[in-house]
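Engineer: Got a structure for you, written out below as structure tokens; questions coming shortly.
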Amino acid sequence: MSGLSWKRQWMTDVRVNVLAGMTATLALVPDSLAFSFMAGVPPVVGIYASICILLVTTFLGGRPGMISAAAGSMAVLMLTLVKEHGIEYLFAATILTGILQYLMGVFKLGKLMRYVPQGVLTGFINALAILILISQLRYFQGESWMMYALVAATLAIIYFLPRYFKAIPSPLVAVVVLTFAVWVFGMEGVTRVGAIDASLPSFLLPNIPLSWETLAIIFPYSLSLAVVGYTETMLTHNLLDEMTGERTDKNKEMRGQGVANVVAGFFGGMAGCALVAESVLNVKMGGKHRLSTLVSALFLLLLAVLFGDVLAQVPMAALVGIMIMVCVAIFDWRSVFKPRSVPLAETVVMVATVAAVLFTHDLAAGVLVGVLISFVWFVVSVSRKLHIHSEWEGSKRTYRVYGQLFFASSSGLEELIELDCKADEIHIDLSQSRIWDHTAQLALNKVVERLKASGKEVTVSKGAALQS
């Protein structure tokens, strides 16, 4: 990191980045606890993971301002491993996940994200916003009107305070004001975060046998975790690059994520990745530099280890309000209210991606479905553009082929070129076309052979259009 870059990351907009990091941490706390519960592990496992991953990616990651921590999309994959083999195997799987992700960065797999269409990215973000909103509904179950009133008060502060006061992020003000109000007025029955029995994380080696059998157990889980973590991290990376107008190193980010998960595994944490909601919140509050994520990690450590009693008094309503604000902020409302402003194909892919995510509760599965539908749509669209113009040149019949010849379109050659035409001499002009694969070449060869078998003299002009 050059001296100018170092100064920009650590000495520019210090107050804004510090406050943004603290705000993001407040949104991160309930998620870390919920993800630990989702994975079937003690709450401190999620807290330790978030602290370790945040600290490491602050210095080694490629995307400043991105919040990486324990993630729900990865936690759901851990439950079976923990239930069947125990938490020590989870720590080992987390270490192996980090190694696999580091190798993804080394082999520069970040470039694969260029093949993810905009419709998939939009669907991913919209689905995530819906999942976050649904996950917040559980906090309203069995609650009195007071819960709804406090959430409404939180949202009112978040949206109206910036009109008059911008020195401190409004979500942070909302948390402080509601915590103070609940404490002063002694509001009974208001659900709070609750104390976290945590100490400083310490280095440990997973207590498991080092054998091929152990590797066979953890490798499938680690591979799934690495792929899901890669997908969510790269999509979050893309989103933040668009928000900030910067282009940052995706492969460096994957290497940093890999090292972070290795460290988390050795310090009793679970595997994690970038979090869209917290990352967007951090950047929107002005936390665009590495200082914001460092503050987020240290503030989370302080809250968990030194100020557990203070954290215990924070009403869940305040945190729920923040997460609802994040849902509203990241959802692409244009895709719903102005669908004609985007191509039909992109809208279909977006809807399919959202539906797949909501059905499977797996963001990676939704992205895969969206990419596959985009691929099929593209193949069908391109194959339909193939057409052939035929003309007589004396006694010779010329077929001029326009469009792309590949596995989906080449089957139309036999339909468009008259195998029983009256001409004795036939010329197939491919100068305005391109042969992309072996299937298309075989189809062309088959047409030529059948024409020759019927006694025709056949010539083919390929020029530079033939792909080897």
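Numbered according to UniProt numbering, the sequence shown spans residues 1 to 468.
Where a beta carbon is used, it is the ideal one built from N, C-alpha and C, also for glycine.
All values derive from a computational prediction rather than experimental measurement.
#1: Pop quiz: G370 and T398 are said to be a contact at Cβ under 8 angstroms. What is the actual Cβ separation, rounded to whole angstroms?
#2: Output the boundary residues of the alpha helix (DSSP H) element that contains R450.
#3: Between the alpha carbons of M78 and G272, how many angstroms are there, rounded?
#4: For a test of the three-state rule: what should DSSP assign to I67, helix, strand or coil?
#5: So what does T459 bridge to, in DSSP terms?
#6: What are the residues that DSSP puts in a beta bridge with Y399?
#7: Contact between the region 87 to 99 and the region 328 to 346 is defined here as three or more beta-carbon pairs at a separation below 8 angstroms; is this criterion met?
#8: Can L419 and S454 be called in contact, C-beta distance under 8 angstroms?
#9: Which residue's Cα is closest to the Cα of residue 469: L430, L358, Q441 and R434?
#10: Exposed or buried, Q257, counting other C-beta atoms within 10 Å across all chains shown (16 or more means buried)?
#11: What does L405 pair with, by DSSP beta-bridge criteria?
#12: Between the alpha carbons of G3 and Q136, how many angstroms are there, rounded?
#13: Measuring straight from C-alpha to C-alpha, what distance separates G65 and G245?
#14: Mind checking Q101: buried by the 16 CB within 10 Å criterion, or exposed?
#15: What residue range is occupied by the uninterrupted beta strand (DSSP E) comprising C273?
#16: For the region 138 to 192, list the alpha helix (DSSP H) runs that are entirely contained and at least 4 residues long, ordered along the chain.
#17: Buried or exposed: which applies to N238, given that a residue is buried once 16 or more other Cβ atoms fall within 10 Å of its Cβ?
#18: By the three-class DSSP mapping on this structure, what secondary structure does V357 have?
#19: Taking a contact to mean a Cβ-Cβ separation below 8 angstroms, would you say G72 touches E253 in this structure?
#20: For the 8 angstroms Cβ check, are there 3 or more pairs between the region 24 to 31 and the region 205 to 217?
#21: Do you know how far the Cα of A440 is from the Cα of L319?
#22: Determine the closest residue to A39 out of I168, G21 and V82, with distance taken between C-alpha atoms.
#23: Tell me, please, whether the region 178 to 193 touches the region 305 to 324 by the rule of three or more beta-carbon pairs shorter than 8 angstroms.
#24: Rounding to the nearest angstrom, what Cα-Cα distance links G308 and V120 in this structure?
#25: Pick out whichever of V14, L155 and Y48 has its Cα sitting closest to the Cα of A297.
#26: Quick check on H389: buried or exposed, where buried means 16 or more other Cβ atoms within 10 Å of its Cβ?
#27: Going straight from the alpha carbon of K422 to that of S431, what length do you get?
#28: Would you say L442 and I324 are within 8 angstroms of each other, going by their C-beta atoms?
#29: Sort out for me which residues DSSP pairs P315 with in a bridge.
#30: Between M270 and A264, what straight-line distance do the alpha-carbon atoms span, to the nearest angstrom?
#31: If we call anything under 8 angstroms between Cβ atoms a contact, is S36 one with P43?
#32: Within this structure, are the beta carbons of N207 and T94 separated by less than 8 angstroms?
#33: Return the first residue and the last residue of the alpha helix (DSSP H) that R8 is part of.
#34: Please state the DSSP three-state secondary structure of T248.
#35: Determine the direct distance from the alpha carbon of V16 to that of S410, and round the result to whole angstroms.
#36: Identify, in the order they occur along the chain, each residue of the same chain with its Cβ nearer than 6 angstroms to the Cβ of Q467, setting aside the five sequence neighbours on each side.
Structural biologist: Looking at the coordinates:
#1: As a first step, residue 370 is located in the sequence shown; it is residue number 370 there, counting from the start. As a first step, residue 398 is located in the sequence shown; it is residue number 398 there, counting from the start. 43 angstroms between Cβ atoms; not a contact.
#2: On the sequence shown, residue 450 is found 450 positions in, with the first residue counted as 1. Element bounds for R450: H438 to A453.
#3: In the sequence shown, counting from the first residue as 1, residue 78 sits at position 78. In the sequence shown, counting from the first residue as 1, residue 272 sits at position 272. If you take the alpha carbons of M78 and G272, they lie about 11 angstroms apart.
#4: Against the sequence shown, residue 67 aligns to sequence position 67. Three-state DSSP puts I67 in coil, outside helix and strand.
#5: Working through the sequence shown from its first residue, we reach residue 459 at position 459. T459 pairs with H427.
#6: Walking along the sequence shown from the start, residue 399 turns up at place 399. Assignment of beta-bridge partners to Y399 by DSSP yields S390 and I428.
#7: Short answer: they don't touch.
#8: Counted from its first residue, the sequence shown places residue 419 at position 419. Counted from its first residue, the sequence shown places residue 454 at position 454. Yes; because the gap between Cβ atoms is below 8 angstroms, this pair is in contact.
#9: Residue 469 cannot be examined here, being either before or after the span of the chain that is shown, 1 to 468.
#10: Numbered from 1 along the sequence shown, position 257 holds the residue referred to as residue 257. Buried, because 16 or more other Cβ atoms sit within 10 Å of the Cβ of Q257.
#11: Residue numbering aside, residue 405 sits at position 405 when the sequence shown is read from its first letter. In the DSSP assignment, L405 is bridged to I435.
#12: Sequence index remark: in the sequence shown, residue 3 carries index 3 (1-based). Sequence index remark: in the sequence shown, residue 136 carries index 136 (1-based). Because the pLDDT at G3 is just 49, under 50, the model does not fix this residue reliably, and the point stays unresolved.
#13: One-based indexing of the sequence shown puts residue 65 at position 65. One-based indexing of the sequence shown puts residue 245 at position 245. Separation of G65 and G245 (C-alpha to C-alpha, rounded to the nearest whole angstrom) is 13 angstroms.
#14: Along the sequence shown, one-based indexing puts residue 101 at 101. Label assigned to Q101: buried.
#15: On the sequence shown, position 273 is the one that residue 273 refers to. Start and end: G272 to A274.
#16: Counting only runs of 4 or more residues that sit fully inside the region 138 to 192, the alpha helix (DSSP H) segments are 145 to 160 and 170 to 184, in chain order.
#17: In the sequence shown, counting from the first residue as 1, residue 238 sits at position 238. Buried, because 16 or more other Cβ atoms sit within 10 Å of the Cβ of N238.
#18: Here residue 357 refers to the residue found at position 357 when the sequence shown is read from its first residue. It is helical.
#19: Here residue 72 corresponds to residue number 72 of the sequence shown, with the count starting at 1. Here residue 253 corresponds to residue number 253 of the sequence shown, with the count starting at 1. No. Outside cutoff.
#20: Contact fails: fewer than three Cβ-Cβ distances are below 8 angstroms.
#21: For this step, residue 319 is matched to residue 319 along the sequence shown. For this step, residue 440 is matched to residue 440 along the sequence shown. When only Cα atoms are considered, L319 and A440 end up about 58 angstroms apart.
#22: Position 39 of the sequence shown, counting from 1, holds the residue named residue 39. Looking from the CA of A39, the closest CA among I168, G21 and V82 belongs to V82.
#23: The answer is yes - the region 305 to 324 touches the region 178 to 193, with three or more Cβ pairs under 8 angstroms.
#24: Residue numbering aside, residue 308 sits at position 308 when the sequence shown is read from its first letter. Residue numbering aside, residue 120 sits at position 120 when the sequence shown is read from its first letter. CA-CA distance, G308 to V120, rounds to 40 angstroms.
#25: Counting from one through the sequence shown, the residue named residue 297 turns up at place 297. Nearest of V14, L155 and Y48 to A297, Cα basis: Y48.
#26: As a first step, residue 389 must be located in the sequence shown, where it is residue number 389. By the neighbour-count rule (16 or more Cβ atoms within 10 Å), H389 is not buried but exposed.
#27: Taking the first residue of the sequence shown as position 1, residue 422 is located at position 422. Taking the first residue of the sequence shown as position 1, residue 431 is located at position 431. Between K422 and S431, the C-alpha separation is close to 24 angstroms.
#28: Looking up residue 442 in the sequence shown gives position 442. Looking up residue 324 in the sequence shown gives position 324. Cβ distance not < 8 angstroms, so L442 and I324 don't count as in contact.
#29: For the purposes of this step, residue 315 is identified with residue 315 of the sequence shown, where counting begins at 1. R192, per the DSSP bridge assignment.
#30: Residue numbering aside, residue 270 sits at position 270 when the sequence shown is read from its first letter. Residue numbering aside, residue 264 sits at position 264 when the sequence shown is read from its first letter. Rounded to the nearest whole angstrom, the C-alpha separation of M270 and A264 is 6 angstroms.
#31: Residue numbering aside, residue 36 sits at position 36 when the sequence shown is read from its first letter. Residue numbering aside, residue 43 sits at position 43 when the sequence shown is read from its first letter. Yes, the Cβ-Cβ distance between S36 and P43 is below 8 angstroms.
#32: The count along the sequence shown starts at 1 and reaches residue 207 at position 207. The count along the sequence shown starts at 1 and reaches residue 94 at position 94. Cβ distance not < 8 angstroms, so N207 and T94 don't count as in contact.
#33: Taking the first residue of the sequence shown as 1, we reach residue 8 at position 8. That run of the alpha helix (DSSP H) goes G3 to M11.
#34: For the purposes of this step, residue 248 is taken as residue 248 along the sequence shown, with counting starting at 1. In this structure, T248 counts as coil in the three-state DSSP scheme.
#35: Counted from its first residue, the sequence shown places residue 410 at position 410. Counted from its first residue, the sequence shown places residue 16 at position 16. Going by the C-alpha atoms only, they are around 58 angstroms apart.
#36: Residue mapping note: residue 467 aligns to position 467 of the sequence shown, counting from 1. With a pLDDT of 46 at Q467, under the threshold of 50, the modelled position of that residue is not reliable, and the figure given next carries that caveat. Excluding sequence neighbours, Q467 sits near I435 and W436.
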